[in-house]
Structures are given as structure tokens and as C-alpha cells.
């Protein structure tokens, strides 16, 4: 069977599975549409959260980022997992007890302020829409590389699938599809990693292989890699190159951004009890850690494999001739993500640091090309294709869910038509979901120039506005409406200005006054500023609340009640 | 008011548990992985130093233990204070 048929078979089978689940898990009420009827088992919810959280960025890009960034990129590993500790202890149980449907709803009720709710909706929609563009382009890339259709056709097929199960099933359909997508993506991620780890170190567990001896040299794998990189003039893999300040703040920003992303938080509204919300965060991290403990191994091993491919006789000998390059290089050259420029005209591929380098490898292809680099069988490559699509589609669905519930529940029901019947609200939620998918597809087909910068934006917004507001709403009875709104706006605006100063106003190229290489404040890059924005939010909210009246008695009682687990079940049908 | 003081005691106990957990959370990620890495440079593991291991793997393993320990401890606390569901 040729590679194309295999890819088609694997991707087709997984898609049939997702559609089957969609037909089985249709939503009949708003409680099912927004919160899957609050009947999801904590372990299954953990799995769904894993798929929801691990996006095209985690599956496709992260190993590549680590591969070329080394130690400094540990910020992603610690940040994107450490946030779950904050979720489990500071947010999830109390928001589950609160027992409503959306994040802006909590902010609006706790701070008895429609303005606060609107600010939260704006943050949520901006963060989610920017994030979803990346997922849609990821779907397009995976389709075009593996199924030989154009980028746009691939994107349209992906959008149609998401449309089917999310509009029909809402949170219920999305939850059970995400469980299936998690299984597909984790198998797809670990199988090639196990093969590669066995090949390089003889250890079948990639996470352990990373710290084992390389079979070829008898030296530890990381020392072998350091030796190869040093010989070719590349920077060290295990040393720190970023400043400690920026590394620290970047990790903080990713952590509190993770805890503040609405599409992750709402997943904890779907479990039956407060105790389930706590343990479910743990299960989510178990399923996420399976991939995140493997990713740094994939990164380091892919770098070793890449160098060995270019220098089959060792880095001191002549590199491979361009005419004799392996098939995977030929395949990826077609996508433009891998390029060769024979500067010295000797017909060989020089891969070194500096001007003499002739090979450019886009870091996003590392995970997808990994099985080909390691010369693994065709079905593994097909599996990785299906896994990449599962990662992108599951995150896209979660984001679209967050957007549509914000529109239907926080805008239409809360602001425009409070008397709306449940049946009509459900219809409104389905229509908003449909519109959100159309908008996301359009933006995926015509990605704005700033698509690559959006991670900074999404995490910056979540870290500087949503996380502090939620945390203060739970842990302080003294923060009032004025304090919360002032804090959120201050954190949000300062963070936005800082990002725009470095990335251009509204991401228009050339309008930036500073660059991340030489930032405005000390060595704080725009991607790390969410942590500072959050500090500003906390300080302003406290100061303004102190200077104004304390919240009314019923709000203080609300805070008391969300701190106590008893009674969460009764909040289901409100 | 009896219920109120019971609830306050429950909340203070929760805050203590969170405080201890977050100290461990901070030390094992920001501490060992970033700020204290130079101090741990002498301890070697698998071809590199302990700080590198904490930054890439150790911190994640600690996070896992922390969440499950917290969930277990809080279930116990819920029962002790009679606020479980």
C-alpha cells in the first residue's frame, strides 16, 4: 500500500469515529450544550481537557521549538503544565461550585457589574479567535502535506467536520470527541518517539532515553548532542542563553495564562462535583504530561538525527551530497519549509552555524518529519498525520465552544434578550457556533499577518485580565465592582500597549518602536509581559477597592458559598 | 453562627494547604529549574545538570504529585468539616 492510501485510511477512519460520536452525543438542553449536562467522569474530562489544551502548537511545533531552542524553551514545558496546579487549587473547584456556564458569567455576577462581564467577554473572544486561527492553519498544513489536497480544501474539510460535531453536540459532543482525539494524538506522538528512542539509546521510554547513553557513542545522549553542536558552531543545547529575568517572567506568564484561558476553565464545569473538579485537573495533567515528558526527548533526538542525516560519516567528514539526500528532504522541500542553497557550489549540504550554512529547516516540521527522518514504516507516518489533525481539531472545537457560549449566553441572553426561552437560547448558541466556525475558516484561509504573534496575545490577555479577576473574585471578599473593572482594564491595556510597542500597533509591521531583541523594560520581551500585566491588575484592583465601598452583603455571601463544596450538585439546573 | 465558624476554619485550613503546596510548586519549577540552577550545577544527571532535569521533567512530575495530593487532602478536609457533597 502506498503512503497516500495509508494516510487516507488513517485520517478517514479517525474522522468517521468523530462523526459517529457526534451523532451519538447530541445535546438536547442548554445544560448539555454548555456543560455536557455536568455528568462527565473526571478521568474522561481530564482526557478531554488534554486534547482541548494540546493544540497544533503542542503537537506540531513544541518539539521543534525545543529542538532548536534547548534549555531556554523549558519555559514552555514548565509554564504549560504548572498552570494546572494553579487551576486545581485556585480556580477550578470554586468555579465548579458557582455552577454557572461561562467564565464571563462568574466575573459579571461576582463583581455585580455588566461592565466587568463585557470586559471579560471581549478578552475571551479576542484570545479565543486569535488562538483558533493557528489551529485552522495547522489543519490546512497537515492536510496539504499528507493528503495531497490544497491547503484551502484541507481547511474546508476540517471545518466541516468540526461543524458537524460541535453544532450538533455542543459541549457534550465536543467532550466525547476530544476523548477519542486524545487517544489518537497521544498514540501518534509516542509511537515514533519510542522507535527513535530505541534506535538512539536502546531505551523504550523516550523521557528516560533523553538522559541515557547514546548507543552509537557510549556517551550520554545530551553530551553527544552538545559535542555535535559545538563541532558545527551551534549554540549549546543545555546552557541558558536568555536572561534569568525574562525566562522567569515568561514562565510565569505562560503558567497564569494557561490557568486563565476560558476554553480550559469551562472544561471543569462539566464534572459532577467539586471534588471531581480537583481530581480532574490532576488527570488532565497526567494526560498532558504523557506528551510533555516526551516532547523534550523528541526535540533533542530529532536534532541528533538531523545532524547524523546530513553528516552520515561524522561531522568531521564531508556532508551528504544534495543529489543523494533522503526522500524526506525531497518531500519537505516541496512545501518550502525546508530549503537548500548551495552557496559554495560543491553539491554537498553544509549544515553549520553562520554564513556558510546551506540548509534551512523550519522548526514546525520536526514532529511531522520525525518518523521520516528516522526511516519508520509508512503506517507510523499516517498515524502522525491523523494525530496532528486530532490535536488541531480538538483545540479548535474547544475554542469555538467558548466563543459561542460567550456570544449566546453572555451577550444575547444577558444583555440583549434576558427573557429568551431555553429552546431559543440553544438555537442562538448553535447559530453562534456556526458563525464562529465560518469566521475561523475565513481567517484560516486568509490568515492576517500577525497569526504567528497571536500566542503572545492570547496568553497576555488571559494572564493580565482573566486570571487575576477570577482569583481575586474567589480569594478576596473585599474586591468590589470598581476595583475589578479598573484592575482588568489596567492590566489589559498596559499589556496590549507593551505588545503593540514591540510587535507593531495592531500588528502592522514597521509601527513598532522596540523589538524583543532590545525591549523597552530591562530584558522583558513582549511575550513575557503578561506576568507584569497581572501584577498591575492585582495592585490596581486592591487600591481602587480599598478606596471605595465594600461589596454588598449578598456578594460576600456568594463568595462564602463558592468556597464550600457542599451543594454543587443542586446548581445543575438553574 | 456555628456553621459560619466551621466554614471559616475549613477555609483557613484550605488556605494553609494551598500555601504549602504553592511553596513546593515554586521551589521545584522556578527555583530548581531557573533561579537555583547555577547552585545545583555540581549535581550531574544523565549527561547534564540537575537543574536542566528539573526544568524539562522534574517540575512536571512534582506538579502531578502536588495536584493529586491536594485533591486527596481536600477530600479528607471536606469530610472533617462536614462540607463534602
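Protein chains in written order, with the numbering used here: chain D, -9 to 564; chain V, 90 to 174. Think of the CB as a built atom: it goes at the ideal place given N, C-alpha and C, for glycine as much as any other residue. Values in this document were obtained by computation on a predicted structure and should not be read as measured data.
{"Check": "Quick one: does residue 112 (chain V) have its CB under 8 Å from some CB of chain A?", "Outcome": "No chain A is present in this structure, whose protein chains are D and V."}
{"Check": "Closer than 8 Å, CB to CB, is residue 135 (chain D) near chain V or not?", "Outcome": "no"}
{"Check": "Could one say the Cβ of residue 553 (chain D) lies closer than 8 Å to chain V's Cβ atoms, at least one of them?", "Outcome": "yes"}
{"Check": "Quick one: which chain D residues come within Cβ less than 8 Å of residue 153 (chain V)?", "Outcome": "272, 275, 276, 279"}
{"Check": "Report the option in D:90, D:478, D:287, D:70 whose CA atom is closest to the CA atom of residue 195 (chain D).", "Outcome": "D:287"}
{"Check": "Look at the Cβ atom of residue 253 (chain D), then the Cβ atom of residue 42 (chain D), and state whether they are nearer than 8 Å.", "Outcome": "yes"}
{"Check": "What number of angstroms, rounded off, separates the C-alpha of residue 533 (chain D) from the C-alpha of residue 541 (chain D)?", "Outcome": "14 Å"}
{"Check": "Based on DSSP bridge pairs, tell me the residues matched to residue 221 (chain V).", "Outcome": "Because residue 221 (chain V) is not part of the residues shown, which for chain V are 90 to 174, the question remains open."}
{"Check": "If contact means a Cβ-Cβ distance below 9 Å, which residues of the segment 87 to 102 of chain D contact chain V?", "Outcome": "none"}
{"Check": "Across which residues does DSSP place residue 350 (chain D) in a beta bridge pair?", "Outcome": "D:329"}
{"Check": "Whose C-beta lies closer than 7 Å to the C-beta of residue 553 (chain D) among residues of the same chain, with five residues either side of it excluded?", "Outcome": "84"}
{"Check": "Where does residue 407 (chain D) sit, in a helix, a strand or coil, going by DSSP?", "Outcome": "coil"}
{"Check": "Run down chain D in chain order and give the residues with a C-beta less than 8 Å from the C-beta of residue 174 (chain V).", "Outcome": "263, 264, 265, 555, 556, 557, 558, 559"}
{"Check": "Under 8 Å by Cβ, that's how I've got residue 504 (chain D) and residue 512 (chain D) pegged, so tell me the actual separation to the nearest angstrom.", "Outcome": "Not really, about 12 Å apart at Cβ, beyond 8 Å."}
{"Check": "Using a Cβ-Cβ cut-off of less than 8 Å, give me the residues of the segment 117 to 136 of chain V that come near chain D, in sequence order.", "Outcome": "118, 119, 122, 123, 124, 126, 134, 135, 136"}
{"Check": "Identify which residue in D:96, D:470, D:447 has its Cα closest to the Cα of residue 120 (chain D).", "Outcome": "D:447"}
{"Check": "List, in chain order, every chain D residue whose beta-carbon is nearer than 9 Å to that of residue 148 (chain V).", "Outcome": "64, 67, 68, 71, 72"}
{"Check": "Using a Cβ cut-off of 8 Å (strictly closer), state whether residue 106 (chain D) contacts chain V.", "Outcome": "no"}
{"Check": "Between residue 425 (chain D) and residue 495 (chain D), what straight-line distance do the alpha-carbon atoms span, to the nearest angstrom?", "Outcome": "28 Å"}
{"Check": "What is the DSSP secondary structure of residue 42 (chain D), counted as helix, strand or coil?", "Outcome": "helix"}
{"Check": "Per DSSP, what are the beta-bridge partners of residue 311 (chain D) in this structure?", "Outcome": "D:338"}
{"Check": "Measuring straight from C-alpha to C-alpha, what distance separates residue 462 (chain D) and residue 101 (chain D)?", "Outcome": "10 Å"}
{"Check": "Kindly list, in the order they appear in chain D, the residues whose Cβ is closer than 8 Å to that of residue 144 (chain V).", "Outcome": "61, 64, 67, 68"}
{"Check": "Find the residues of chain D that neighbour residue 102 (chain V), judging by a C-beta separation of less than 9 Å, and give them in chain order.", "Outcome": "None at all; the shortest Cβ gap to chain D is about 11 Å."}
{"Check": "Is residue 492 (chain D) near the ligand HEM, with its Cβ less than 7 Å from a heavy atom?", "Outcome": "Here there are no bound small molecules, and the ligand HEM is not part of this structure."}
{"Check": "Is there a Cβ from chain V that is less than 8 Å from the Cβ of residue 241 (chain D)?", "Outcome": "yes"}
{"Check": "My output table needs one value for residue 203 (chain D): the three-state DSSP class, helix, strand or coil.", "Outcome": "strand"}
{"Check": "Could you compute how far the alpha carbon of residue 278 (chain D) sits from the alpha carbon of residue 132 (chain D)?", "Outcome": "21 Å"}
{"Check": "In the DSSP output, which residue or residues are listed as bridge partners for residue 182 (chain D)?", "Outcome": "Paired residues: none, contrary to the question."}
{"Check": "Can you grab the Cα-Cα spacing for the pair residue 34 (chain D) / residue 45 (chain D), in whole Å?", "Outcome": "18 Å"}
{"Check": "Would you please verify whether the beta carbon of residue 562 (chain D) is less than 8 Å from any beta carbon of chain V?", "Outcome": "Per-residue confidence for residue 562 (chain D) stands at a pLDDT of 46, beneath the threshold of 50, marking its modelled position as unreliable; no derived number is given."}
{"Check": "What do you reckon, are the CB atoms on residue 92 (chain D) and residue 395 (chain D) nearer than 8 Å?", "Outcome": "yes"}
{"Check": "With DSSP run on the structure shown, which of helix, strand or coil describes residue 210 (chain D)?", "Outcome": "strand"}
{"Check": "By the three-class DSSP mapping on this structure, what secondary structure does residue 92 (chain V) have?", "Outcome": "helix"}
{"Check": "Mark residue 40 (chain D) as exposed unless 16 or more other C-beta atoms lie within 10 angstroms of its C-beta, in which case mark it buried.", "Outcome": "buried"}
{"Check": "If we ignore side chains and look at the alpha-carbon of each, how far apart do residue 175 (chain D) and residue 289 (chain D) end up?", "Outcome": "17 Å"}
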